[in-house]
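Here the sequence shown is numbered in the UniProt record's numbering, starting from 1 and rising by one per residue.
Glycine included, every Cβ here is placed at the ideal spot set by N, Cα and C.
Quick notes on the structure that follows.
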Amino acid sequence: MDPPTGPSLGLYDYDLLVIGGGSGGLAVAKEAAELMKKVLILDLTAPSARGTERGELLGGSSLNLDSIRKFLQQASLLGEAIQDSQKYGWRMKEPASHGWGELAGAVQEQMKTRSLELKKELKKCGVFYLNARGEIVAPHTVEVTDMNGRKRRLTAETLVIATGDRPQYPGIPGDREYCLTSEDLLSLPQPPGRTLVVGGSAEGLECAGFLFGLRLPVTVMLQPDLLPGFDQKMAQKIENHLLVSGVDILYHSSLTKVLSERKTGILLRVTIISKEGQTTQEDFDTVLITAGRKALTSDIGLERVGVQCSQDTGRILVNERDQTSVDHIYAIGSVQHGRPSATGLSVHAGTLLARRLYREDSILCDYTNVPTVVLTPLEYAACGLSEEKANLTFGEDSVEVYHSYYWPQEWELPARNKNSCYVKVICHIPDHERVVGLHVMGPNAGDILQGFVAAMKCGLTKQQLDATVGIHPGSAQVIPLQTADCQTSFIADKGC
């Protein structure tokens, strides 16, 4: 919906102007419009560094990436399900094979459809939208540049920054010329072949698990660490599952150069340097960079009006009200410095921000106990503190950790590994053993965790958790079935 061109009835053209179409920005815009405010969203979806066009995909990096992550995980899991199905009596007339083009096309089409639905929803709510770039040029003024380069200036009483983030390149020879990011992966006309995944982030491990699930050879270079910020014992279990499955992992190594050797029949030749300084070269069909993401804050005029950003991360400094150093400018989502980043959190925070601005509510977004999920083939979901963070916060003597392996019943017939799935409950002893961290690794871990997140918000204790009746048969019952002395394995239908 194009914004009206007539004169504004108030001091400003808009009550609220959102720069960026991230999930948090969409939430604050829709809520504000429903509260009868005049709202404009500016969002220009730029192509990736490799030139991959993403079209007018509303929803920002978080919403679109989360959807794609789930689709790719499901593609991998279906491959495992086909193998398991034989133990359940299913017979295939022909050997199953995967069509890369069909998957890529279906995912891209679904993203376009979702973006169109979002635009219709904005129009229904009364939010104006422009596929254009916004740059702050004065405290309440934004210069708008459309796809054809035409410029004009619009004013707003309140500004919200929701520009999100993009994959970050390591800055080595050949990275932008020859390497891909997650934004480019599904634009490949053919499967990526032998792939080097650079980075041990959640994004990197998810991509590695997906590609290996399609029976492609995958090597992960842990640059710099494995799942930084997550519980490291859980991270090690995910690492072990990938290794046992057949994914290669390079430790204590760095990528220093990527060159194309097409003349010799080799697509990419990478140079790797070890911790000890030893240099080696290996050949790959694809190099996928997943070593971090950079906030899109550098060219939208923040410094011009005094919005302060972290010198280390480039992300925006905000207070408990999501307010920047400039009173009428706010930031939502992954552009915030020092805050967890998740789509559901951004939507919740954006909705509460609009209500504080226009409904005189006082409820602040609670940035603690935010659940997150890593969509590796063996899914990992977490809420609250890691074991390392709990020990650091409360001291080891004040922390009790309960843990258990379990075997999902649907894995019994195909006889899949009994010692893969795992649960960890971290409790603060002096506070009636309040649950301060909950970690689940297994099928549908995110769905299993969701209900317990609400309980943790209410101050769930270990005694209350033990008193919860589990649903049988089901994997979630492993969490309440743990007892104070349960440090052994749990099999779904036999107990501890």
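LEU267 and LEU159 - do their beta-carbons sit closer together than 8 Å? In this structure, LEU159 lies away from LEU267, with their beta-carbon atoms at least 8 Å apart.
Who are the Cβ neighbours of CYS213 in its own chain at under 6 Å, not counting the five residues just before and after it? Sequence inspection shows Gly at residue 213; the Cys mentioned does not correspond to that position. Correct list, in chain order: SER76, GLY79 and PRO377.
Tell me whether residue 583 sits in a helix, a strand or coil according to DSSP, three-state version. The shown model of the chain, from 1 to 496, leaves out residue 583, and the question about it has no answer.
Would you call ASN319 buried or exposed, if buried means 16 or more other Cβ atoms sit within 10 Å of its Cβ? Exposed: under 16 other Cβ atoms inside 10 Å.
Assess contact between the stretch 178-188 and the stretch 349-358, defined as three or more Cβ pairs (one per stretch) separated by less than 8 Å. Is contact present? Contact fails: fewer than three Cβ-Cβ distances are below 8 Å.
For the pair the stretch 300-313 and the stretch 282-291, tell me if three or more CB-CB distances fall below 8 Å. Here the stretch 300-313 makes no contact with the stretch 282-291; the two share fewer than three CB pairs at distances below 8 Å.
Below 8 Å between beta carbons: does that hold for VAL137 and ARG304? Between VAL137 and ARG304, the C-beta spacing is below 8 Å.
Cα-Cα separation between ASP175 and ASP299, rounded to whole angstroms: Looking at the backbone, the Cα of ASP175 and that of ASP299 are separated by about 22 Å.
If I follow the unbroken beta strand (DSSP E) through ILE329, where does it start and stop? Membership of ILE329 in the beta strand (DSSP E) is indicated by the continuous run 329-331.
What are the boundary residues of the alpha helix (DSSP H) that ARG166 is part of? Here ARG166 belongs to no alpha helix (DSSP H); instead the beta strand (DSSP E) covers 165-167.
DSSP three-state call for PRO139: helix, strand or coil? Coil at PRO139, not helix or strand.
For ASP231, write down the residues that DSSP places opposite it in a beta bridge. None; ASP231 has no bridge partner.
How many whole angstroms separate the CB atoms of THR297 and GLU203, which I take to be in contact at a CB cut-off of 8 Å? About 20 Å; that fails the 8 Å criterion.
Nearest residue (CA-CA) to TYR405, options GLU388, SER475, LEU42 and GLY89: Answer by Cα proximity: SER475.
Reducing DSSP to helix, strand and coil, say where GLN110 ends up. Note: GLN110 maps to helix in three-state DSSP.
Measuring alpha carbon to alpha carbon, tell me which residue in ALA162, GLN83 and GLU261 is nearest THR324. Cα-wise, what sits closest to THR324 is ALA162.
Can you tell me whether ASN131 is helix, strand or coil according to DSSP? ASN131 sits in coil when the DSSP states are folded into three classes, being neither helix nor strand.
If you draw a straight line from the C-alpha of ALA382 to the C-alpha of GLN464, how long is it? Those two C-alpha atoms are separated by around 19 Å.
Thinking C-alpha only, which one of LEU385, ALA33 and VAL469 is nearest LYS123? The option with the nearest alpha carbon to LYS123 is ALA33.
Nearest chain B C-beta to PRO191 closer than 8 Å, yes or no? Note that chain B does not occur in the displayed structure, where there is just one protein chain.
Please report the straight-line C-alpha distance between ASP15 and LYS37, rounded to a whole angstrom. Each residue's Cα considered, the two are about 6 Å apart.
If I'm right that ILE172 touches LEU205 with Cβ under 8 Å, what's the distance once you round it to whole angstroms? Here ILE172 is actually not in contact with LEU205; their C-beta atoms are around 22 Å apart, not less than 8 Å.
Judging by CA-CA distance, which residue of GLU143, LEU44 and SER85 is the nearest neighbour of PRO414? Nearest neighbour of PRO414 by Cα position, chosen from GLU143, LEU44 and SER85, turns out to be SER85.
Which residue wins for smallest C-alpha separation from VAL399, given the options ASN417, ILE429, ASN240 and GLN74? Nearest of ASN417, ILE429, ASN240 and GLN74 to VAL399, Cα basis: ILE429.
Grouping DSSP H, G and I as helix and E and B as strand, with all else coil, what is SER201? Coil.
How is LEU371 classed by DSSP in three states: helix, strand or coil? Checking the sequence, you will find Pro at residue 371 rather than Leu. Coil.
The alpha helix (DSSP H) that contains SER346, what's its start and end? First-last of the alpha helix (DSSP H) with SER346: 343-358.
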